[in-house]
Structures are given as C-alpha cells and as structure tokens.
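Written out below as structure tokens is the structure these notes cover.
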Amino acid sequence: MTDTPITELNDRTRTIFRTVVENYLESGAPVGSRTISKFSELNLSPASIRNVMQDLEEAGLLAAPHTSAGRMPTESGLRLFVDGMMQAAEPSPEEQRAIESQIEGEGPIEEALAAATSALSGLSACAGLVVVPNREAVLKQFSFARISETQALAILVGSDGSVENRLVEVTANTSDSALNEAANYVTARLSGLTLGDALLRIDSEIRAEKAELDKASADIVRKGLALWTLDANERPVMIVKGQSNLIDESAAADLDRVRQLLDELESKEEIARLVDSARDAQSTRIFIGAENNLFSLSGSSVIAAPYSDEGGKVVGVVGVIGPTRLNYARIVPMVDFTAQTLSRLMK
C-alpha cells in the first residue's frame, strides 16, 4: 500500500490520475492512454501520458491487469482519490424524493429501516445495509424448558408479543422445581421492565437478600437475563436488501469475488460489526477492499453513515456494499442523505 499524499502529485499527474479513476469507475474497464488524451484537458501525446501512467503504477496508485491493457486504480489509488480528489454530487431531487417516500410512511420503525435499505439499494445498484437500533425487549413472561441435564431453554415473551429463545447452562443437580421457581419469579416480579432494568433489580434484591428465591433459582434468573442483555449490546442486528444487485453483467468475469461477497453477507455478524463501527464517524465512512481483513478475498467496499435519535445519540448505521468499482461521488452523498432522513424519522 502506498502512502503517497495528493500534494506530491503535480497538476499534470493529478489530472491523468483523476481521469483514469473516473473513467474506470464509470466503465469498469482499464483505461488506456488514447482514452486519457480524449478526455483530459492536457495537450499531451499518448506516449507522454503512458510515461505518467507508468510513474503512477510505480507509485502503487495504478495497476495494469494485462501487459497490453490500460491502467486501473489500485485500492490505494481509490483511497487517495476518495480522500483527496473526489467531487461529490448531491442526490438529485428525484433521488431524494425516492428515499423520503420509502422511509416516511406509517408503520413500525423496522419497516421504515427495511424500506430505506431497499430504496438505497435500488438507487445505488448495490446491496443496502442498515444496522437497527438496539431496542431492549420489555419482559412480559419468562419460562424454562429443560432439554438435558446441563442445559435449559430460556423462553422470553416480550410485551410486543415477540418470542425469543436462548440456551442456558445449568448444573446437573438443578431441579425442575428450581427452574419453575425462577420462571415464576421473573414473570411475577420483573414483568414490565427492560432486560437491563430487570437484571439490575434482581442483582439488587439478591444482594439485599430480598429475593424470594433459593440460590440455585437466583443464579438461573441472573444467568438468563444476563445472556439476553449481552446479546442486545454485542450483537448488532442488520437488515440486508438487494443482494441480487451484486450479480450484474460485470460480475460474470469475476464470479469468485461475487460468490465470496455473497458468502460474507450470508454470515451477517462480521459485516454488521464492521458497518456498526461507523457509529463513531462524524459523517460518511468508506471501507475500501483489503483495507479491512473481512474483504481481503472479495475486494468489496462499504459506504456507511450513522443516524441518530431525537437526543442526538447515534442509534444505528445505514449504508451500501458492493465492488470497489463504485460511483463513490454519487453514492457517498446518497448514503449521507439517507442517514439524515432516518435521523429525522427517529425524532
């Protein structure tokens, strides 16, 4: 990877480099010196342009996929272009209306997030991604079902009617009556609380010896509630839409890369963590290819931006994933606009 700063490129070199990148992102094909001479404002011969392109290749910014072909940007070259040369264009009024009309309908927030992801996917011709806000379930009912000597299934029913199951480790001498006692206690005493609040209350009551539970039952309750709370905090939930956009005509020549990317999307957790890391960004964040180990094989890029609730707290991230050959200048502001629209929706 090169660390060449944009300031080290003279005007002629910068113009040729930008022309190569912009044409490559538009066509997906390596760009030759004759193409550069037609598109560039420089009055240079193809031979002079080839010399500059050779210098850019030696600097690690361009690469020649075949001996007789033109040049294409490396991932380092794309990073230099995105950070120092790209001229982003605001989404058109039509694109803005398409995003807003999908998001601002009636219904649960999850439906709006899914709609936002679909709209972004369709407009960008990528797969759309959104990390949904962590929303702790409010307890309504709790029960245990033993499935082996050392495992029980904890079943949580939320106030919204949702039902979730988790495996809980128990000791071999834990009786069925202890499981029932623990479940009845949670339902009777902790119903109406969020998972975090329920865990705080049971800890407080156990410390104060006010919990009407024996030690075995108390340990089971604490373990079950802690497991759900840990899941809510550490496992971001991600919605993916438009995977079919990744299989276009240009993908035919690179099926292994596309297959690898689809496999990565299938196991969402790692990508969700990557996208979720954009929470700390002030604006849109761009991950290009092998800069992240996750995409060392698929050579993909992610463009992501955080969105906030009414208090200004970041509650999720929205973005797209696709090949490194993305129209960054168009898609970056589109992702940013979608994040801003979601932030307005959350208020």
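So for the sequence shown, the working numbering puts the first residue at 120; every next one is plus one.
Note that the Cβ used here is the ideal one computed from N, Cα and C, for glycine as well.
Nothing here was measured: the structure is a model prediction, and the numbers come from that model.
For residue i, which of helix, strand or coil comes out of DSSP?
i    : result
K432 : coil
V282 : strand
R444 : coil
K342 : helix
G408 : helix
I358 : strand
N129 : coil
L181 : strand
S462 : helix
G203 : helix
N292 : coil
R449 : helix
A400 : coil
M120 : Residue confidence is low: M120 scores 45 on pLDDT, short of 50, so the model does not pin down where it sits. Its coordinate-derived value is still stated next. Residue state, collapsed to three classes: coil.
V251 : coil
I228 : helix
S211 : coil
Where DSSP assigns a beta bridge to residue i, which residues make up the other side?
i    : result
K157 : According to DSSP, which records beta bridges pairwise, K157 is partnered with nothing at all.
T236 : Looking at the DSSP assignment, T236 forms no beta bridge with any residue, so it has no partner.
P165 : P165 pairs with nothing; no bridge assigned.
T313 : V257
Y426 : G435
R190 : V150
L272 : A264, L286
A246 : I440
S419 : P442
G277 : L258
With a cut-off of 8 Å on the beta carbons, I'd call residue i and residue j a contact; round off their distance for me.
i    : j    : result
S417 : L380 : 4 Å
I358 : V249 : 5 Å
P452 : A208 : 7 Å
G247 : V439 : 6 Å
T193 : A183 : Not confirmed; about 11 Å, so no contact.
F200 : R131 : No, F200 and R131 are not in contact; Cβ-Cβ is about 16 Å, not under 8 Å.
V150 : M205 : That belief does not hold up - the Cβ atoms of V150 and M205 are roughly 17 Å apart, past 8 Å.
L312 : R320 : 7 Å
V289 : A271 : 5 Å
V257 : S278 : 4 Å
Y143 : R398 : Not a contact, Cβ separation roughly 31 Å.
L393 : N364 : Wrong, their Cβ atoms sit about 19 Å apart, outside the cutoff.
L309 : V454 : 40 Å between Cβ atoms; not a contact.
With a 10 Å radius around its C-beta and 16 neighbouring C-beta atoms as the bar for buried, classify residue i as buried or exposed.
i    : result
S427 : buried
G92  : The question about residue 92 has no answer here: the residues shown for the chain are numbered 120 through 466.
T236 : buried
E214 : buried
M120 : Reliability of the predicted coordinates at M120 is poor, the pLDDT of 45 falling under 50, and no value is obtained from them.
V139 : buried
G431 : exposed
L461 : buried
D395 : buried
R326 : exposed
E268 : exposed
R463 : exposed
P425 : buried
A166 : exposed
F456 : buried
P212 : exposed
V282 : exposed
S164 : exposed
S323 : exposed
E141 : buried
I266 : exposed
Distance check for residue j and residue i, CA to CA, integer angstroms please.
i    : j    : result
A291 : A297 : 12 Å
R153 : A188 : 12 Å
D203 : T134 : A small correction: the amino acid at residue 203 is Gly; Asp does not occupy that position in the sequence shown. Looking at the two C-alpha atoms, the distance is approximately 13 Å.
F158 : I222 : 39 Å
L413 : F263 : 38 Å
G435 : M465 : 11 Å
A301 : V340 : 6 Å
G280 : I274 : 12 Å
Y447 : I422 : 8 Å
E230 : D295 : 40 Å
Q459 : I228 : 15 Å
T293 : L286 : 15 Å
G441 : A244 : 8 Å
I390 : R378 : 15 Å
L180 : S156 : 19 Å
R449 : P210 : 7 Å
L128 : E160 : 17 Å
E176 : E383 : 31 Å
A337 : N303 : 12 Å
G471 : H185 : The structure shown does not extend to residue 471, since the chain is modelled only from 120 to 466, so the question has no answer here.
E276 : F261 : One detail in the question is off: residue 276 reads as Val in this sequence, not Glu. Looking at the two C-alpha atoms, the distance is approximately 6 Å.
N170 : I366 : 36 Å
T403 : E385 : 24 Å
Does any residue of chain D have a CB that is nearer than 8 Å to the CB of residue i?
i    : result
L275 : The structure shown contains no chain D, having only a single protein chain.
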